[in-house]
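**Student:** My questions will all concern the structure given below.
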Amino acid sequence: MKTRNERIAALVLAAVGGIANAQPVEPGPDVDAGTGTRVQRPLWELGLGVAGLSLPDYRGSDQRHAYVLPLPYIVYRGTWLKADRDGARALLFDSARVKVDISAAASTPTQSSDNDARQGMPDLHGTFELGPNLNITLARSRPARWKLDLRLPLRAGFSIERSPRFVGTTFEPNLNLDLGGVAGGWNVGLLTGPVFADRKQHGYFYGVDPAYATASRPAYQAHGGYGGWRALAASSRRFGNAWVGAFLRYDQLRGATFDDSPLVRRRSALTFGFGVSWILATSSAQVSSPD
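Basically this note's numbering = 1-based index in the sequence shown + 553.
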């Protein structure tokens, strides 16, 4: 039951994180104030839906699984605290071009008995990552139709288990392009960039202790540094009290510091998912919002 609950928690975080990359384009106060389309929306909205997700057991695995799971819909449009399609975050600093908020990410658990490369090794717990994100707007349209950002998230990772353990640090600089009003109202997000992590993070996923070495799986000590790159496309749209979204992510590990690990069986992979949620409750208080 513990492993099942860990898996569900990590999968929900992964699904929300992927689909969350498609969001409305906020008008910039120094660029196009008053030209973006804003409407009155409830301060908070709550809903529930379903998501489908297909992903590798871990980055570099040649085995994958598909899941159907519950998808929560939580929106809070506060001034400094927000929860929306860009995730739950505290806005630590906000100016016309620069924002500092909180970045989050997750990975799913892997049972070693179900993965050929990890047979006989300890199971991988799912992980949850949290840390600051510096978001710099490089360009935007007038009116608010598109926006190009440089995002610099630095996150600390922890295992999802009864007694969470620190599993290392990641840094994922990326370019993010948000497009609003595509094909009659869809929000589209495009993101690409490299992935860097410290030795502890890479060792958690790709290290092989001598005690678990075999003839086909030699002992391996991972190093910190470049961890490949990824590209992601996501889209979402509201239809009255319903919300739909989908995402597709490509990971490339060629040239990563750990690409010679015996646990790396595949150097490129796709992760994809979709979700549908229905809004079940809303606040009576209204706020101005771009979505």
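Where a beta carbon is used, it is the ideal one built from N, C-alpha and C, also for glycine.
Alpha carbon to alpha carbon, what distance is there between residue 829 and residue 785?
**Tutor:** Between residue 785 and residue 829, the C-alpha separation is close to 19 Å.
**Student:** Would you mind reading off the limits of the alpha helix (DSSP H) that contains residue 755?
**Tutor:** That run of the alpha helix (DSSP H) goes 752-759.
**Student:** Over the uninterrupted beta strand (DSSP E) stretch that includes residue 731, give me the two end residues.
**Tutor:** First-last of the beta strand (DSSP E) with residue 731: 727-735.
**Student:** Please state whether DSSP places residue 662 in a helix, a strand or coil.
**Tutor:** Coil, per DSSP.
**Student:** Ignoring anything shorter than 4 residues or poking outside the stretch 750-827, list the alpha helix (DSSP H) runs there in chain order.
**Tutor:** DSSP runs (the alpha helix (DSSP H)) wholly in the stretch 750-827: 752-759.
**Student:** Rounded to the nearest angstrom, what separates residue 658 and residue 812 at their Cα positions?
**Tutor:** Roughly 22 Å separates the two Cα atoms.
**Student:** Note down, in chain order, each residue of its chain lying with its Cβ closer than 7 Å to the Cβ of residue 680, except the 5 sequence neighbours on either side.
**Tutor:** Cβ neighbours of residue 680 beyond the five flanking positions: 659, 660, 710, 711, 712, 713, 720.
**Student:** Please report the distance separating the alpha-carbon of residue 728 from that of residue 768.
**Tutor:** Looking at the two C-alpha atoms, the distance is approximately 42 Å.
**Student:** Give me, in chain order, the residues of the same chain whose beta-carbon lies closer than 7 Å to that of residue 757; leave out the 5 immediate sequence neighbours on both sides.
**Tutor:** Correct list, in chain order: 720, 721.
**Student:** So within the stretch 652-723, which uninterrupted alpha helix (DSSP H) runs reach at least 4 residues, ignoring any that extend past its ends?
**Tutor:** Whole alpha helix (DSSP H) segments, 4+ residues: zero.
**Student:** Can you give me the Cβ contacts of residue 604 inside the same chain, cut-off strictly under 7 Å, excluding the 5 residues immediately before and after it?
**Tutor:** So the qualifying residues of the chain are 568, 622, 624, 826, 827, 828.
**Student:** Quick one: residues in its chain with C-beta nearer than 6 Å to the C-beta of residue 732, no 5 flanking neighbours on either side, listed in chain order?
**Tutor:** 699, 741, listed in sequence order.
**Student:** Identify the residues that DSSP records as bridge partners of residue 617: which are they?
**Tutor:** DSSP, once it has assigned bridges, lists 609 as partnering residue 617.
**Student:** Check whether the Cβ atoms of residue 689 and residue 703 lie closer than 9 Å to each other.
**Tutor:** Yes, the pair counts as a contact, with Cβ atoms nearer than the cut-off.
**Student:** Quick one: what's got a C-beta closer than 8 Å to residue 836's C-beta in the same chain, skipping five residues either side?
**Tutor:** Only 595, 596, 597, 598 meet the Cβ criterion.
**Student:** Judging by CA-CA distance, which residue of 839, 764, 724, 790 is the nearest neighbour of residue 831?
**Tutor:** Residue 831 has its Cα closest to that of 790, out of 839, 764, 724, 790.
**Student:** Quickly, what does DSSP pair residue 834 with across the bridge? List them, please.
**Tutor:** Paired residue(s): 599.
**Student:** When the Cα atoms are used, what is the spatial distance from residue 824 to residue 626?
**Tutor:** So the alpha carbons of these two residues sit roughly 21 Å apart.
**Student:** Can you give the beta carbon distance from residue 671 to residue 816, rounded, assuming they're within the 8 Å contact cut?
**Tutor:** So it is a contact: roughly 7 Å between Cβ atoms.
**Student:** Straight-line CA distance for residue 808 to residue 717?
**Tutor:** In a straight line, the C-alpha of residue 808 is about 31 Å away from that of residue 717.
**Student:** Looking only at C-alpha atoms, which of 676, 600, 705, 673 sits nearest to residue 651?
**Tutor:** The shortest Cα separation from residue 651 among 676, 600, 705, 673 belongs to 705.
**Student:** Tell me, please, which residues DSSP counts as bridged to residue 594.
**Tutor:** For residue 594, which the question treats as bridged, DSSP gives the partners 840.
**Student:** To which residues of the same chain is residue 738 closer than 7 Å at the C-beta, ignoring the five residues directly before and after it?
**Tutor:** Within the same chain, residue 738 has close Cβ partners 790.
**Student:** Does the distance between the C-beta of residue 738 and the nearest non-hydrogen atom of the ligand NAD fall short of 8 Å?
**Tutor:** As far as ligands go, the structure on display features none, and thus does not contain the ligand NAD.
**Student:** Tell me the DSSP secondary structure of residue 604 in three-state form.
**Tutor:** Strand, per DSSP.
**Student:** If you compare alpha carbons, which of 612, 673, 795, 628 is closest to residue 839?
**Tutor:** Ranking 612, 673, 795, 628 by Cα distance to residue 839 puts 628 first.
**Student:** Just the C-alpha distance for residue 763 and residue 775, rounded to the nearest angstrom, thanks.
**Tutor:** Those two C-alpha atoms are separated by around 13 Å.
**Student:** Is the Cβ of residue 799 closer than 9 Å to any Cβ of chain D?
**Tutor:** In the displayed structure, chain D is absent; only one protein chain is listed.
**Student:** Looking only at its own chain, which residues have a Cβ that is under 8 Å from the Cβ of residue 735, when we skip the five neighbours before and after it?
**Tutor:** 741, 788.
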